[in-house]
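Quick note on the numbering used here: the sequence shown kicks off at 3 and runs consecutively.
For each residue, glycine too, the CB sits at the ideal point set by N, CA and C.
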Amino acid sequence: MKFTRSFGMQTKDTLRCKEAFSVVRKYLEGKKVIDPFARNCEFAHPYTNDINPETKAEDHLDVEDYLDYWLAFFDEGFDGAIFDPPFSDRQAKEAYQQTTNLYTLGGKILRIERSLGDLIVPGGYVVKFGYNSNFSHKAFECVEIKLVRYGGSINDMIISVHKKMFETFKDLEVLDAEE
Numbered sequence: 003m004k005f006t007r008s009f010g011m012q013t014k015d016t017l018r019c020k021e022a023f024s025v026v027r028k029y030l031e032g033k034k035v036i037d038p039f040a041r042n043c044e045f046a047h048p049y050t051n052d053i054n055p056e057t058k059a060e061d062h063l064d065v066e067d068y069l070d071y072w073l074a075f076f077d078e079g080f081d082g083a084i085f086d087p088p089f090s091d092r093q094a095k096e097a098y099q100q101t102t103n104l105y106t107l108g109g110k111i112l113r114i115e116r117s118l119g120d121l122i123v124p125g126g127y128v129v130k131f132g133y134n135s136n137f138s139h140k141a142f143e144c145v146e147i148k149l150v151r152y153g154g155s156i157n158d159m160i161i162s163v164h165k166k167m168f169e170t171f172k173d174l175e176v177l178d179a180e181e
């Protein structure tokens with residue numbers, strides 16, 4: 003796994019940070035990408051969603067409803083995804099005028115990550131932004147981590163890249179049985 007650390011400028015729109023954009027471009031440029039927390043980022047257009055109707059996202063649904071729609075009606079799958087939910091109470095309040103962080107809602111992030119992972123084709127990538135590098139879908143393997151530091155006492159941003167290695171959980175069961 004590749005690990006790097008660099009200095010970046012903090013911004014509400016994550017991909018305006020050149021370090022973040024360079025990772026997304028490396029893995030997702032020219033591919034069919036979905037972004038369920040897009041805000042004003044148009045990299046994955048037209049597959050963009052943000053619950054805030056004041057943003058440039060194509061759709062404005064609850065993230066679970068948005069992913070459920072694609073799971074029900076889109077058989078092709080996506081080559082990749084940008085996973086950039088607000089990862090602190092401050093971000094949730096500033097970006098969405100919500101006081102509840104998604105990470106504090108029992109099981110919500112787990113359900114979102116599993117649904118998002120199911121939409122990605124084998125060999126595809128999820129680029130995740132947050133305060134951790136976890137991705138709760140067993141078909142994925144972390145292939146790169148980039149730590150972006152902002153200086154002072156500001157928390158670093160962790161960018162983790164996860165590659166889908168298997169189609170389904172049944173593929174994993176077959177591999178486990180062979181070992």
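To the nearest whole angstrom, what separates the beta carbons of residue 56 and residue 50, a pair I think is in contact under 8 Å?
No, residue 56 and residue 50 are not in contact; Cβ-Cβ is about 14 Å, not under 8 Å.
What does the Cβ neighbour count give for residue 133, buried or exposed, with the cut at 16 atoms within 10 Å?
exposed
In chain order, each alpha helix (DSSP H) run of at least 4 residues that lies wholly inside the segment 105-132:
110-121
By alpha-carbon positions, which one of 154, 80, 150 and 165 ends up nearest to residue 24?
150
Please report the straight-line C-alpha distance between residue 101 and residue 137, rounded to a whole angstrom.
For residue 101, the pLDDT reaches just 49, beneath the cut-off of 50, and the residue's location in the model is therefore unreliable, leaving the point undetermined.
Have a look at residue 144 and residue 125 and give me their C-alpha separation to the nearest angstrom.
12 Å
Should residue 182 and residue 72 be called a contact, given that it needs their Cβ atoms to be closer than 8 Å?
Nothing can be reported for residue 182, as the shown portion of the chain is limited to 3 through 181.
Let me know if residue 52 comes out buried or exposed under the rule of 16 or more other beta-carbons within 10 Å of its beta-carbon.
buried
I'd like the ranges of any beta strand (DSSP E) spanning at least 3 consecutive residues and lying wholly in the segment 37-101.
80-85
Do you know how far the Cα of residue 33 is from the Cα of residue 8?
26 Å
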